[in-house]
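Chains as they are written, first to last, in this note's numbering: chain A, 60 to 525; chain B, 60 to 525. Beta carbons: idealized from backbone N, C-alpha and C, even for Gly. These notes concern the structure reproduced below.
Number of protein chains: 2
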Amino acid sequence: MFHSTTAVLVLAIGALFAAHTSATDLSFDTINNRVIDAEYAVRCPLLDLAKELKEQLKDPNNDLPFDELYFCNIGNPQALGQKPLSFNREVLALAQMPSLLQDENAAKLFSQEARDRATTYLDSIGHGVGAYSDSQGFKFIREEVANFITARDGSDIPAADPNDIFLTDGASAGIKSLLQVILRDDHKEGLMVPIPQYPLYSALAALGGATLAGYYLDEDSRWATYVESLQTALDEARKEGADVRAMVVINPGNPTGQCLTPDLQEEIIRFCIKEKMVLLADEVYQENVYAADREFHSFRQVALKMGEEAADLQLVSFHSTSKGFTGECGLRGGYYQLHNIPQDVVAQLKKLASIFLCSNTIGQLSVGLMVHPPEEGTAAHAEYVEQRDGILSSLSRRATALSAGLNKLEGITCNDAEGAMYVFPQVRLPTAAIAAAEKENISPDTFYCMSVLRNTGMCQNFSQRP
Amino acid sequence: MFHSTTAVLVLAIGALFAAHTSATDLSFDTINNRVIDAEYAVRCPLLDLAKELKEQLKDPNNDLPFDELYFCNIGNPQALGQKPLSFNREVLALAQMPSLLQDENAAKLFSQEARDRATTYLDSIGHGVGAYSDSQGFKFIREEVANFITARDGSDIPAADPNDIFLTDGASAGIKSLLQVILRDDHKEGLMVPIPQYPLYSALAALGGATLAGYYLDEDSRWATYVESLQTALDEARKEGADVRAMVVINPGNPTGQCLTPDLQEEIIRFCIKEKMVLLADEVYQENVYAADREFHSFRQVALKMGEEAADLQLVSFHSTSKGFTGECGLRGGYYQLHNIPQDVVAQLKKLASIFLCSNTIGQLSVGLMVHPPEEGTAAHAEYVEQRDGILSSLSRRATALSAGLNKLEGITCNDAEGAMYVFPQVRLPTAAIAAAEKENISPDTFYCMSVLRNTGMCQNFSQRP
Numbered sequence: 060m061f062h063s064t065t066a067v068l069v070l071a072i073g074a075l076f077a078a079h080t081s082a083t084d085l086s087f088d089t090i091n092n093r094v095i096d097a098e099y100a101v102r103c104p105l106l107d108l109a110k111e112l113k114e115q116l117k118d119p120n121n122d123l124p125f126d127e128l129y130f131c132n133i134g135n136p137q138a139l140g141q142k143p144l145s146f147n148r149e150v151l152a153l154a155q156m157p158s159l160l161q162d163e164n165a166a167k168l169f170s171q172e173a174r175d176r177a178t179t180y181l182d183s184i185g186h187g188v189g190a191y192s193d194s195q196g197f198k199f200i201r202e203e204v205a206n207f208i209t210a211r212d213g214s215d216i217p218a219a220d221p222n223d224i225f226l227t228d229g230a231s232a233g234i235k236s237l238l239q240v241i242l243r244d245d246h247k248e249g250l251m252v253p254i255p256q257y258p259l260y261s262a263l264a265a266l267g268g269a270t271l272a273g274y275y276l277d278e279d280s281r282w283a284t285y286v287e288s289l290q291t292a293l294d295e296a297r298k299e300g301a302d303v304r305a306m307v308v309i310n311p312g313n314p315t316g317q318c319l320t321p322d323l324q325e326e327i328i329r330f331c332i333k334e335k336m337v338l339l340a341d342e343v344y345q346e347n348v349y350a351a352d353r354e355f356h357s358f359r360q361v362a363l364k365m366g367e368e369a370a371d372l373q374l375v376s377f378h379s380t381s382k383g384f385t386g387e388c389g390l391r392g393g394y395y396q397l398h399n400i401p402q403d404v405v406a407q408l409k410k411l412a413s414i415f416l417c418s419n420t421i422g423q424l425s426v427g428l429m430v431h432p433p434e435e436g437t438a439a440h441a442e443y444v445e446q447r448d449g450i451l452s453s454l455s456r457r458a459t460a461l462s463a464g465l466n467k468l469e470g471i472t473c474n475d476a477e478g479a480m481y482v483f484p485q486v487r488l489p490t491a492a493i494a495a496a497e498k499e500n501i502s503p504d505t506f507y508c509m510s511v512l513r514n515t516g517m518c519q520n521f522s523q524r525p
Numbered sequence: 060m061f062h063s064t065t066a067v068l069v070l071a072i073g074a075l076f077a078a079h080t081s082a083t084d085l086s087f088d089t090i091n092n093r094v095i096d097a098e099y100a101v102r103c104p105l106l107d108l109a110k111e112l113k114e115q116l117k118d119p120n121n122d123l124p125f126d127e128l129y130f131c132n133i134g135n136p137q138a139l140g141q142k143p144l145s146f147n148r149e150v151l152a153l154a155q156m157p158s159l160l161q162d163e164n165a166a167k168l169f170s171q172e173a174r175d176r177a178t179t180y181l182d183s184i185g186h187g188v189g190a191y192s193d194s195q196g197f198k199f200i201r202e203e204v205a206n207f208i209t210a211r212d213g214s215d216i217p218a219a220d221p222n223d224i225f226l227t228d229g230a231s232a233g234i235k236s237l238l239q240v241i242l243r244d245d246h247k248e249g250l251m252v253p254i255p256q257y258p259l260y261s262a263l264a265a266l267g268g269a270t271l272a273g274y275y276l277d278e279d280s281r282w283a284t285y286v287e288s289l290q291t292a293l294d295e296a297r298k299e300g301a302d303v304r305a306m307v308v309i310n311p312g313n314p315t316g317q318c319l320t321p322d323l324q325e326e327i328i329r330f331c332i333k334e335k336m337v338l339l340a341d342e343v344y345q346e347n348v349y350a351a352d353r354e355f356h357s358f359r360q361v362a363l364k365m366g367e368e369a370a371d372l373q374l375v376s377f378h379s380t381s382k383g384f385t386g387e388c389g390l391r392g393g394y395y396q397l398h399n400i401p402q403d404v405v406a407q408l409k410k411l412a413s414i415f416l417c418s419n420t421i422g423q424l425s426v427g428l429m430v431h432p433p434e435e436g437t438a439a440h441a442e443y444v445e446q447r448d449g450i451l452s453s454l455s456r457r458a459t460a461l462s463a464g465l466n467k468l469e470g471i472t473c474n475d476a477e478g479a480m481y482v483f484p485q486v487r488l489p490t491a492a493i494a495a496a497e498k499e500n501i502s503p504d505t506f507y508c509m510s511v512l513r514n515t516g517m518c519q520n521f522s523q524r525p
């Protein structure tokens, strides 16, 4: 699970507060328990150790066996050297400073295509990037997204509608909104998530007071999602009284790197319809597919191609500028697309968006740039293709090298990364290591990852393997 | 309440969904009731009418008595023509496209100060704005914020600590986080908010399942906050069983425009300590003070100057790049500062931030630019001062003109805007108007605002007057 990724670490070491102990109210004992229950990697002992090692590295006389820490616990491509696409950044610089468009040197500094796009965007906005946008996101960007989806999914199914699209601060913000609407406070709700999963989902379930109904991916079948496993998880959760009304599928997988085949997707869709569950499709790695025999198909495409049989499917799909070859994590761009969600629920999602005014406008423009590259035949397009293909082939090369390298190690086996930016190896520890972990009163996987970090400087996630 | 402001309107008119009616689960009847309960201006009949009028205006043969709609229902300065500060935008353009720093024409296009600042920021980040930052926000920006607070609040009290500062997507995101931590799901919580208030607070209270304990501002005393009124509201809420543990003060006021005096702030602080309530100080309008006899004092400054007497105060203050003379609403920059909050609660806030990875990096840099203008004596500083003073004097002039104009109208009285960007007039309607409203089955204030909109194109908020 440590491929071309790095970490968001909360590095600030809390200074001791003034010696005075507060007699007032807000204390650990009086805050929202759901926040405390939400687990997230940031508080794990591994990142505490990484923080400690980072401090030690600052001492030139440190005796650590490495010179640098590699944060592989979260997908953060640009922190590991992936470059942003030039066209996108040209347009965003011009959007920040429209006066550059008028400058006599502009033609030397920015491609014609970038100047044209920036002009189009600024004309569409009317008053620059410094005003709040429509809460749902700029309409002209939502139109670009709809065009992209229509082209991606094929012309033999209905075109996408900009009114079904909401622009968000990264995909996470959209997922949060949907779960806030779906999970009811006065019910014992359940949320189906894959095991292993991306911890955003377990954290949001905890914040929403829901229980997790985890379904196992089949490691022996390239991390496939089988309906039997879905049914087992669902039956178990319902037996325990959970009202399970939504299911998360991450495709391509995080952290498992698999890419689903359309026939498995069809089965998942039938299952969701049969069990009356909304399908939440996390499709943020749709551009990252490496396996020669796999390609990305959106759940929307698969469902619409199924025709009447899938007409009852309720689907929300999520995408982000943070992954793929765009890799703009820091700009926080993303969107979600609603499919078959009633208008009175859409109205509630609009209201929820309006409470927080709008997502950041630069992130919104970066979504437009992701889904609408420069026109073919232009110089900007040629540069874009070169940069895109360079990034994707580098990711693919590293994906192959990583799983091959891991499989050579004693006690480690690992599926190939078919997509996304991760592999999830199986590590079989010797009995002595397990005993040593027990002695330290930590789990064997924690023990292993702490040892890797101490000995190599490589910080990986580990808490997701069941 | 309609001064130099405009609206975030959700303009997308939902296309009808496919004729097929879903048999699956997600419907208005099965979503989270708390979302439905959260009221927000966006769904009010006034904005529906505005949307309708906007469509009518597109027809060149329309017979509306105005040519343009003025959205005055939310503070969105750049949508009404306020220009961004040049220095800030130069730095942000360079941060998007660092290659510009190397260009031979860079010196002609960007001031030396902007190039220096962009270089400093990019060096501090290391890998550009496209990677996730520390979840709490870039440390170097939090240091700039701490320096700003220390300088603002004076050197006779302790310096601010960057570890107490969290960078957020606008102030709203920070307020949401704090309330998510404070409001417990298994308690009947209460939140004290002013009447009239900014609707974010009532919406967040509803989402958190809390009841509002509204305290009245004293219109006859320039919208002052008196402890008697706080006590009345608190006693009433507690009598009804609410566990009231936090109180919001908006200073300068939104939508009432008042600026509190330090003696009133001291009384509020004593009240919060006595009643064991966290004080949430919304100080986003701290740069917007117009009254000659008033100046902004932060609650932090007032509390620290009180010394031992206020040592028990727990305080969180919020600031934003969206208001003041910065006015960068779309970039979604903001921060909050914790004061006297225990470290184990801070850890939970860090975890919550990490679940959503980080706030947008451009917004973070815009916070740095807001709190750290160009150095005095530089050309960039002279330009900055000119632009800043131009914006502030224009806002001040319009504030005066607005309340003077309103006070000349029959049946309308209005306090001067001492600060912020709003006035909140009192409109006494004739009996016939009230009867007409009753006939239309709407409240008299809705009736009045709808009439103003229909006759002048001016869209104001109205739902906040009790």
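Output yes if chain B places a C-beta closer than 8 Å to the C-beta of SER288 of chain A; else output no.
-> no
DSSP beta-bridge partners of THR227 of chain B | Per DSSP, B:GLY393.
Give the straight-line distance between the Cα atoms of VAL375 of chain B and LYS409 of chain B, rounded to the nearest whole angstrom.
-> 15 Å
Local conformation of ALA438 of chain B per DSSP, three classes | ALA438 of chain B falls in the helix class under three-state DSSP.
Assign GLY267 of chain B to one of three DSSP states: helix, strand, or coil.
-> coil
Using the beta-carbon of each residue, which ones in chain D are nearer than 7 Å to PHE87 of chain B?
-> Here chain D cannot be found, since the structure's protein chains are A and B.
Alpha carbon of GLU532 of chain B to alpha carbon of ASP302 of chain B, nearest angstrom = Look at the range of chain B in this structure, 60 to 525, and you will see that residue 532 of chain B is not part of it.
Could you name the residues of the same chain whose beta carbon sits closer than 6 Å to that of ALA264 of chain A, not counting the 5 residues immediately before and after it, in chain order?
-> Excluding sequence neighbours, ALA264 of chain A sits near LEU250 and LEU271.
Cutoff 8 Å: TYR180 of chain B Cβ touching any chain A Cβ | At a cut-off of 8 Å, the C-beta of TYR180 of chain B has no neighbouring C-beta in chain A.
Would you kindly work out how many angstroms separate the C-alpha atoms of LEU123 of chain A and GLY516 of chain A, rounded to a whole number?
-> So the alpha carbons of these two residues sit roughly 9 Å apart.
Going by alpha carbons, who is nearest to ALA97 of chain B out of B:PRO258, B:PHE87, B:MET365 and B:TYR274?
-> Selected option, being the one with the closest Cα: B:PRO258.
Starting from ILE216 of chain A, trace the beta strand (DSSP E) both ways and give me its first and last residue.
-> Element bounds for ILE216 of chain A: n/a, residue is neither H nor E.
Cβ shell of ALA82 of chain B (< 8 Å), same chain only, five flanking positions each side left out | Interpretation of ALA82 of chain B is limited by its pLDDT of 45, a score under 50 that renders its predicted location unreliable; the figure taken from the coordinates is listed afterwards. Nothing listed; no residue qualifies.
When you compare each of B:ILE332, B:PHE355, B:LYS335 and B:ARG329 to ASP341 of chain B by their alpha carbons, which one comes out closest?
-> With distances taken between Cα atoms, ASP341 of chain B lies closest to B:PHE355.
Measure from the C-beta of SER192 of chain B to each C-beta in chain A and report whether the shortest distance is under 8 Å.
-> yes
Using a Cβ cut-off of 8 Å (strictly closer), state whether PRO104 of chain B contacts chain A.
-> no
Cβ shell of GLY389 of chain B (< 8 Å), same chain only, five flanking positions each side left out | Counting only residues of its own chain and dropping the five nearest sequence neighbours on each side, GLY389 of chain B has a CB closer than 8 Å to the CB of GLN137.
For ILE421 of chain B versus ASN147 of chain A, is the C-beta spacing smaller than 8 Å?
-> no
Quick one: residues in its chain with C-beta nearer than 8 Å to the C-beta of LEU323 of chain B, no 5 flanking neighbours on either side, listed in chain order?
-> ALA283, THR284 and TYR285
State the Cα-Cα distance for the pair LEU151 of chain A and ALA441 of chain B, rounded to the nearest angstrom.
-> Straight across, the Cα-Cα distance linking LEU151 of chain A with ALA441 of chain B is about 27 Å.
So who's on the other strand from GLN171 of chain B, going by DSSP bridges?
-> Looking at the DSSP assignment, GLN171 of chain B forms no beta bridge with any residue, so it has no partner.
Candidates A:SER502, A:ALA210 and A:TYR275, of which the one nearest GLN360 of chain A by Cα | For GLN360 of chain A, the nearest C-alpha among the options comes from A:ALA210.
Rounded Cβ spacing between GLY316 of chain B and TYR481 of chain B (contact assumed at less than 8 Å) | 5 Å
is_contact[ARG174 of chain A, chain B] using C-beta, thresh 8 Å = For ARG174 of chain A, the answer is no, since every Cβ of chain B falls outside 8 Å of its Cβ.
Are any of the Cβ atoms in chain B nearer than 8 Å to that of GLY268 of chain A?
-> yes
Alpha carbon of LYS335 of chain A to alpha carbon of LEU112 of chain A, nearest angstrom | 49 Å
Are PHE207 of chain B and VAL486 of chain B touching if we call contact CB-CB under 8 Å?
-> no
Which chain B residues are close to ILE414 of chain A, counting only those with a beta carbon under 9 Å from its beta carbon?
-> ALA97, TYR99, VAL101, SER231, LYS235, PRO258, LEU259, ALA262, LEU263 and LEU266
Own chain residues within Cβ distance below 6 Å of LEU238 of chain A, not counting five before or after | LEU263 and GLY267
Near ARG391 of chain A, what residues of its chain come up, given a Cβ to Cβ distance below 7 Å and the 5 sequence neighbours on each side ignored?
-> ASP228, GLY229, ASN419 and GLY422
Quick check: the region 152–161 of chain A against the region 154–172 of chain B, are there 3 or more CB pairs under 8 Å?
-> yes
Distance, GLN402 of chain B Cα to ALA305 of chain B Cα | Pairing ALA305 of chain B with GLN402 of chain B, the inter-Cα distance amounts to about 19 Å.
State the Cα-Cα distance for the pair PRO104 of chain A and GLN519 of chain A, rounded to the nearest angstrom.
-> 12 Å
Using a Cβ cut-off of 8 Å (strictly closer), state whether ASP126 of chain B contacts chain A.
-> Interface flag for ASP126 of chain B against chain A is unset, since no Cβ pair is found closer than 8 Å.
Compute the Euclidean distance between the alpha carbons of VAL240 of chain B and LEU339 of chain B, then round it to the nearest angstrom.
-> 13 Å
Flag this pair as touching only if the region 451–468 of chain B and the region 162–181 of chain B have three or more C-beta atom pairs under 8 Å; answer yes or no.
-> No, the region 451–468 of chain B is not in contact with the region 162–181 of chain B.
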